[in-house]
Amino acid sequence: MTARIRVAFIHDSYPEYRRPLFARLMERYDLRCFFLNENPAELPPRSESVRAWRIPEMSDFIVAPSLAGRLWAAHRRESFDVVCCPEPASFSALAAGRFARRIGRPYVVFSGEWYPARHPRRALTFGLERDLVRGAACCLAYGTRVRERLERMGVDSGRILVTGNASPYAFSPAPMEDIVAIRREWSIGDKPVVLFLGRLMSFKAPDVLVKAFSLLHRETAAFLLIAGSGPLREELAGQARRLGLDDVRITGREVRGAAEKNLLYSLARVFVLPSRRGRTAEPWGLVINEAASAALPIVTTDGVGAAGDLIRDGDTGRVVPSGDPRAMASAILGFLQAPDTARACGERARGQAARFTIERMADAFGAAFERAAGGGR
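Right under this line is the structure:
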């Protein structure tokens, strides 16, 4: 019976890591999906790509003028029971919520934002965002911090379901010969590797990690591996040179595929996600799920959405104040100097990460759809 619930599912993108979730939901419900600026040939069945434009003066706001019309046309062909809106700060969520109200259907809102982006236009749209979430039949939140923000916006806690956040990646150890070869190629030797994996962008704060490593390097021998691409590559390389750091490698290219990730996580002794709060913040940090699946001890900051849910300070990892290189260096050093503690912490992180699954997310979405539709029809 639940498979008959017809859902208009609006999402701004169709990223690789979300595709298993869409597939699970399509198995259970009659989904009609609407994505922005995606290649139609790569989309799942019963999906549409809607043309959208980014407003330069509102760089985080992507406008899709034809979205409402496409929703109306699809609804006339086969009426929807529920509308699922993306992040409430987005144009598409506001448009979808308005559409749901016009056709008299309940809607669900999915949010990962616990720290609102610092942009002048948010002062203009906040009232609309607040009205959207307050009017939702159900709100879906990545984790505790998102739930708390929704409650502050006036959403009753009984209408909030926590989905967690999940990555389809699962760690598998790399062949030892590959590990030995890359240690030789990158002149790592037998030094323990401190790993960062991600985009080299300001809010990811790799510069704070380089500073922390310079402090750590005074205490013990180690190697810092920064894997990823982005606009800060040259700046980070210059920072490392100014600090006199030789044991640093910045790959400068995007990490692609499970095999490459397996090798990087197999190399690492400690994983660090140093993200800071600024104009924006890390909504969750799926790379932490990946590193935890490798049972790595993890150091992250209070600027990361997964802190508190997946990574709990002193239990499944270390959570330090964002922008504090001394605290970060101390936490990394603690893991390097106490390998038994580090291993135990990594194992607990792996156990915690195993709770954050695609199935759990699909179950939460399903519960929201069914609640909104009155238990299915």
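Under my numbering, read the sequence shown as residues 15 to 391, first letter to last. Glycine included, each C-beta is placed from N, C-alpha and C at the ideal position. Bear in mind the structure is a predicted one, so any value in this text is a computation, not a measurement.
- Ranked by Cα distance from Leu347, the first of Pro335, Leu85, Ala378, Val313 is Val313.
- In this structure, the beta-carbon distance from Ile117 to Glu384 does not fall below 8 Å.
- Judged by their CB atoms, Val77 and Phe113 are not nearer to each other than the 8 Å cut-off.
- Judged by pairs of C-beta atoms under 8 Å, the stretch 162-180 does not touch the stretch 205-213, as fewer than three such pairs exist.
- When DSSP states are grouped into helix, strand and coil, Asp221 belongs to the helix group.
- Cβ-Cβ separation between Cys98 and Ile24: approximately 7 Å, consistent with a contact (criterion under 8 Å).
- By the Cβ-count criterion, Val262 is buried, with 16 or more other Cβ atoms from all chains shown falling within 10 Å of its own Cβ.
- Each of Phe237, Pro182, Ser125, Leu300 was checked against the Cα of Ala107, and the nearest Cα belongs to Ser125.
- Between Leu223 and Phe210, the C-beta gap is smaller than 8 Å, which places the two residues in contact.
- If you draw a straight line from the Cα of Pro220 to the Cα of Arg198, it comes to about 25 Å.
- In this structure Ala306 touches Ala363 by the C-beta definition: roughly 4 Å separates them, less than 8 Å.
- Between Arg132 and Arg293, the CB-CB gap stays under 8 Å.
- Excluding residues up to 5 positions away in sequence, Arg362, Ala363, Gln366 lie with their Cβ nearer than 6 Å to the Cβ of Thr330 in the same chain.
- Under the DSSP assignment, Ile240 falls in the beta strand (DSSP E) whose first and last residues are 237-241.
- Setting aside the 5 residues that flank it on each side, Pro100 is surrounded in the same chain by Ile24, His25, Asp26, Ser106, Ala107, Phe124, each with a C-beta closer than 7 Å to its C-beta; the list follows chain order.
- Contact between the stretch 264-283 and the stretch 244-252 is established, with three or more Cβ pairs separated by less than 8 Å.
- Here the stretch 143-152 makes contact with the stretch 166-173; the two share three or more CB pairs at distances below 8 Å.
- Per DSSP, the beta bridge partners of Thr315 are Val334.
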